[in-house]
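Chains as they are written, first to last, in my numbering: chain A, 1 to 177; chain B, 1001 to 1177.
Everything on this sheet refers to the single structure shown next.
Number of protein chains: 2
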Amino acid sequence: MDQSILDEIKKIENKVGKLSSAQKILLTTDGSVTTILDVLKGHVNINTLVQEFVPADRKMAHDLNINVGDTVNYRVVVIKSETPLIYAISLVPLQRLSNDFKEDLIRADIPIGRILKKHNIESRREIKSVYVQNAEEELKEIFQTDSPMLKRTYNIIHQDEILISLKEIFPYSLFQE
Amino acid sequence: MDQSILDEIKKIENKVGKLSSAQKILLTTDGSVTTILDVLKGHVNINTLVQEFVPADRKMAHDLNINVGDTVNYRVVVIKSETPLIYAISLVPLQRLSNDFKEDLIRADIPIGRILKKHNIESRREIKSVYVQNAEEELKEIFQTDSPMLKRTYNIIHQDEILISLKEIFPYSLFQE
């Protein structure tokens, strides 16, 4: 793994305290987070909070390497078992999706890891950043905690282009064992 | 994740006792195991025990979907930090490798997860089996323990073909936290 990501993990530990193995893995893995949650918490599912098509603004266009105004699927979900586990925001440039994939994404009730698997999509994941922040009000309410929030951003790359740009967030108080 | 793999995890727990989060993840992830070990144990490296080209026997040919007699790279390594962490056997049909990849594989000192990453290879991983067995003599000596051995087999698939078939083994006494 990139030394810079390992350094960030150490910085987080200096700020909030020791991270568990599960927390470290969830912040750095290049595998499916859905798969990990399935084995840790039993079969997980998602609550979709937002699902909409938006025209790419300047930042999205830059981050996704598309043109300003191109259509992006913007989705905010909470992955949960009995309680909320991970808050996830995804950006997907529609032009890069096959119709089957698009349909599953818009159905809105399937985690992205499971969609990739269903369609046998070969990809690689590039971790962009790992950090900790104080909880915003929305996250406090969802997770029912004031705990600091562990966050990471990464891209899922397919055919040498960013298929999905993701941000995942969970409270430091979760996955402590 | 496949329910059958979750069921196998439960069977293992019935046999040997509760698995830690790290153990469960290491047995079921479709991400890079090298990456996980890097974050848990510091930058890991490998000892190569065997590295040779062999003609595919009937079983290898069947498992890899190649012809009997086709050349396979057979590699046995121990991934380690200060102490041995995971014993891994890999089979790679040479005909499916680019020259760059082949060179890195034969250099023998780079974990496969890191080779895939270096070459930006898009892939998916299919977990085939997860199980526990008593330790063979060789494993007892390497890991210096009589602990039962947790094992899994999986394929790394690239361009719809098996690029690498893997078996990974570690003692139940490791990764318990």
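Heads up, the beta-carbon is just placed ideally off N, CA and C, and yes, glycines get one too.
If you reduce the DSSP assignment to three classes, tell me which class residue i lands in.
i: residue 66 of chain A; result: coil
i: residue 1110 of chain B; result: coil
i: residue 159 of chain A; result: coil
i: residue 44 of chain A; result: coil
i: residue 1023 of chain B; result: helix
i: residue 1151 of chain B; result: strand
i: residue 1018 of chain B; result: coil
i: residue 97 of chain A; result: coil
i: residue 1143 of chain B; result: helix
i: residue 1085 of chain B; result: strand
i: residue 136 of chain A; result: coil
i: residue 1177 of chain B; result: coil
Using a threshold of 8 angstroms, state whether the C-beta atoms of residue i and residue j are closer than that.
i: residue 1138 of chain B; j: residue 1152 of chain B; result: no
i: residue 142 of chain A; j: residue 78 of chain A; result: yes
i: residue 80 of chain A; j: residue 45 of chain A; result: yes
i: residue 20 of chain A; j: residue 175 of chain A; result: yes
i: residue 1161 of chain B; j: residue 1096 of chain B; result: yes
i: residue 42 of chain A; j: residue 56 of chain A; result: no
i: residue 1104 of chain B; j: residue 1118 of chain B; result: yes
i: residue 1038 of chain B; j: residue 6 of chain A; result: yes
i: residue 25 of chain A; j: residue 1025 of chain B; result: yes
i: residue 1093 of chain B; j: residue 1066 of chain B; result: yes
i: residue 1150 of chain B; j: residue 1027 of chain B; result: yes
i: residue 1064 of chain B; j: residue 1072 of chain B; result: yes
Could you tell me whether the Cβ of residue i comes closer than 8 angstroms to any Cβ of chain B?
i: residue 82 of chain A; result: no
i: residue 22 of chain A; result: yes
i: residue 17 of chain A; result: no
i: residue 120 of chain A; result: yes
i: residue 66 of chain A; result: no
i: residue 12 of chain A; result: no
Identify, in the order they occur along the chain, each residue of the same chain with its Cβ nearer than 6 angstroms to the Cβ of residue i, setting aside the five sequence neighbours on each side.
i: residue 86 of chain A; result: 79, 168, 170
i: residue 1052 of chain B; result: 1074
i: residue 50 of chain A; result: 76
i: residue 1163 of chain B; result: 1096, 1156
i: residue 166 of chain A; result: 90, 154
i: residue 30 of chain A; result: 125
Starting from residue i, follow its DSSP beta bridges and name the residues at the other end.
i: residue 92 of chain A; result: A/73
i: residue 1001 of chain B; result: Bridge partners of residue 1001 of chain B: none, in fact.
i: residue 1124 of chain B; result: B/1157
i: residue 13 of chain A; result: Note: residue 13 of chain A sits in no beta bridge, so no partner.
i: residue 51 of chain A; result: A/75
i: residue 80 of chain A; result: A/45, A/84
i: residue 39 of chain A; result: BP columns for residue 39 of chain A are empty, so no partner.
i: residue 131 of chain A; result: A/151
i: residue 1165 of chain B; result: B/1091, B/1155
Might you give, ordered along the chain, the residues of its own chain that have their beta carbon closer than 8 angstroms to the beta carbon of residue i, omitting 5 neighbours on each side?
i: residue 1146 of chain B; result: 1135, 1140
i: residue 1008 of chain B; result: 1129, 1130, 1131
i: residue 1048 of chain B; result: 1075, 1076, 1077, 1108, 1109
i: residue 122 of chain A; result: 158
i: residue 148 of chain A; result: 15, 16, 132, 133, 134, 135, 171, 172
Could you check whether the Cβ of residue i sits closer than 8 angstroms to any Cβ belonging to chain A?
i: residue 1040 of chain B; result: yes
i: residue 1177 of chain B; result: yes
i: residue 1150 of chain B; result: no
i: residue 1123 of chain B; result: yes
i: residue 1030 of chain B; result: yes
i: residue 1157 of chain B; result: yes
i: residue 1006 of chain B; result: yes
i: residue 1035 of chain B; result: yes
i: residue 1001 of chain B; result: yes
i: residue 1025 of chain B; result: yes
i: residue 1046 of chain B; result: no
i: residue 1009 of chain B; result: yes
By Cβ distance, which residues of its chain are closer than 7 angstroms to residue i, with the 5 residues on each side in sequence left out?
i: residue 1035 of chain B; result: 1113
Is the beta carbon of residue i within less than 7 angstroms of some heavy atom of the ligand FAD?
i: residue 14 of chain A; result: This structure simply doesn't include the ligand FAD, nor any ligand for that matter.
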